[in-house]
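Asker:
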Amino acid sequence: MPLTWLPASRLLWVRVAAVLFTCTAFSVAAHGAVLPHGGMADWCIFCWAFSFACSLLVLLVEQCSLQPRIPVSWSNFPITVACYASLLCLSASIIFPVFFLKNQTVYGEVRDHRIASTVFSCLATVAYMVEVSLSKARPGEVAGYMATAPGLMKVCQTFVACVIFILVSDPVSYDHHAALKWCMAVYCICFILSMAVVVLCVGECTGCLPIPFSKFLSAYGLLAVIMYLTATILWPVFQFDEKYGRRGDSKKLIAVAVLTALNFLLYLADLAYSARLVFVSS
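Number 1 in UniProt numbering belongs to position 1 of the sequence shown; there are no gaps in the numbering.
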């Protein structure tokens with residue numbers, strides 16, 4: 001079939017920029033940054049490579065007009081990719097200089113490569129944020145769920161939960177009291193349900209639910225707010241009160257407490273938006 005190339009647009013050029021920036025970031029890091037194997041180095045490379053691959057896929061599909069052949073909702077998939085990529089590149093832009101530039105005794109070309117990777121990672125983050133801004137639904141506009149504020153918040157909720165999982169697992173800091181195990185259950189249950197919503201929307205499977213999707217969102221949103229409220233209270237009480245026996249890195253424990261409160265606010269805002277949002281899924 002003949003290829004149909006779409007006219008240039010701001011969104012197109014932003015996506016091209018994101019692809020170039022992420023490609024440059026991981027190429028420079030892999031070529032001359034002399035990074036150790038494993039740990040945060042692999043995480044940063046993954047963030048850039050994953051974002052590059054997904055953005056390149058979106059770019060090729062749209063420019064070749066292959067959307068009808070892709071078994072996903074194209075009103076939801078590109079903005080979901082952009083939102084996850086912006087968060088991944090943002091995390092790499094923070095982690096990479098902290099671990100591989102600050103207080104590191106590296107000079108010459110190695111340091112130059114690391115600085116270049118950091119700069120291009122920051123540029124990629126900005127490009128993805130601009131893409132999300134251009135793609136998100138405007139008031140009164142018919143759009144897929146993931147292009148709305150609650151849809152974008154679902155992405156943020158799952159990403160924050162993933163960061164929490166990383167922080168509490170090395171070392172394990174939730175197994176010395178039943179209340180902390182409940183907090184871990186909250187993180188897991190809400191992550192699974194939020195990710196299920198993302199998958200259902202991107203896969204155009206919302207009609208498979210036994211109840212209307214809007215009612216499912218409202219019921220789940222209320223449940224998540226209540227559960228995260230308990231975790232927001234219990235985690236700092238049972239981690240920082242010495243009579244319950246503090247364990248683990250205090251900085252990581254504080255970070256988990258802050259991220260738990262952040263996710264509680266995200267779920268609360270999500271519930272408020274979902275209660276009044278009217279959208280049409282394509």
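Yeah, the Cβ is synthetic: ideal placement off N, Cα and C, and Gly gets one too. These numbers were taken from a predicted model, which means no experiment stands behind them.
Does the region 48 to 65 touch the region 80 to 90, meaning 3 or more C-beta pairs lie closer than 8 Å?
Answerer: Three or more beta-carbon pairs drawn from the region 80 to 90 and the region 48 to 65 are found closer than 8 Å, and the two stretches are therefore classed as touching.
Asker: Measure the alpha-carbon distance for P2 versus I115 and round it to whole angstroms.
Answerer: Any reading at P2 must be qualified, since the residue scores a pLDDT of 43, below 50, and its modelled position is unreliable; the value itself is stated next. Rounded to whole angstroms, P2 to I115 spans 43 Å at the Cα level.
Asker: Are V237 and L268 close, meaning C-beta to C-beta below 8 Å?
Answerer: no
Asker: Whole angstroms are fine: how far does the CA of P68 sit from the CA of A219?
Answerer: 33 Å
Asker: With a CB to CB cut of under 6 Å and the five nearest residues on each side skipped, what residues in its chain are close to I164?
Answerer: Cβ neighbours of I164 beyond the five flanking positions: Y187, V256 and L259.
Asker: What does the Cβ neighbour count give for I13, buried or exposed, with the cut at 16 atoms within 10 Å?
Answerer: In the sequence on display, residue 13 carries Trp and not Ile. Per the 10 Å Cβ criterion, exposed.
Asker: Look at the alpha carbon of S27 and the alpha carbon of H113, and state the distance between them as a whole number of angstroms.
Answerer: 10 Å
Asker: Taking only runs of the alpha helix (DSSP H) that begin and end inside the region 75 to 153, which ones reach a length of at least 4 residues, in chain order?
Answerer: 77 to 100 and 108 to 135
Asker: For the candidate residues V126, K252, H31 and A196, whose alpha-carbon lies nearest to that of P151?
Answerer: The sequence given here has Gly at residue 151, not Pro. Each of V126, K252, H31 and A196 was checked against the Cα of G151, and the nearest Cα belongs to A196.
Asker: Assuming contact is defined by CB atoms lying nearer than 8 Å, are A41 and S117 in contact in what I supplied?
Answerer: The Cβ atoms of A41 and S117 lie no closer than 8 Å to each other.
Asker: I need the boundaries of the alpha helix (DSSP H) containing F177, first residue and last residue.
Answerer: In the sequence as displayed, the identity of residue 177 is His instead of Phe. No alpha helix (DSSP H) contains H177, which DSSP labels as neither H nor E.
Asker: Using CA atoms only, rank isn't needed, just tell me which of W235, I211 and L167 is closest to A178.
Answerer: W235
Asker: Hey, quick one: how far does the alpha helix (DSSP H) through E62 stretch, first residue to last?
Answerer: G39 to Q63
Asker: Comparing alpha-carbon positions, which option in V16, F50, M184 and Y174 lies nearest V130?
Answerer: V130 has its Cα closest to that of V16, out of V16, F50, M184 and Y174.
Asker: Measuring CB to CB, does C162 end up less than 8 Å from Y174?
Answerer: no
Asker: Measure the C-alpha to C-alpha separation of R276 and A261 and round it to an integer number of angstroms.
Answerer: It is roughly 24 Å from the alpha-carbon of R276 to the alpha-carbon of A261.
Asker: Taking all protein chains shown into account, decide if F240 is buried (16 or more other Cβ within 10 angstroms of its Cβ) or exposed.
Answerer: exposed
Asker: Would you call the CB atoms of W48 and A92 closer than 8 Å?
Answerer: yes
Asker: What does DSSP give as the partner residues of S250 in its beta bridges?
Answerer: S250 pairs with nothing; no bridge assigned.
Asker: Whole angstroms is fine: what's the gap from L167's alpha carbon to S9's?
Answerer: 40 Å
Asker: Classify P2 as helix, strand or coil using the three-state DSSP reduction.
Answerer: The predicted model places P2 with a pLDDT of 43, which falls under 50 and marks its position as unreliable, so this point remains unresolved.
Asker: Given F120, which residues of its chain have a CB within under 6 Å of its CB, disregarding the five upstream and five downstream residues?
Answerer: Closer than 6 Å at the Cβ level, and outside the excluded window around F120, lie F21, T24 and A25.
Asker: Only counting the same chain, and skipping five residues up and downstream in sequence, which positions put a Cβ closer than 7 Å to that of A127?
Answerer: V14, A17, A18 and F21
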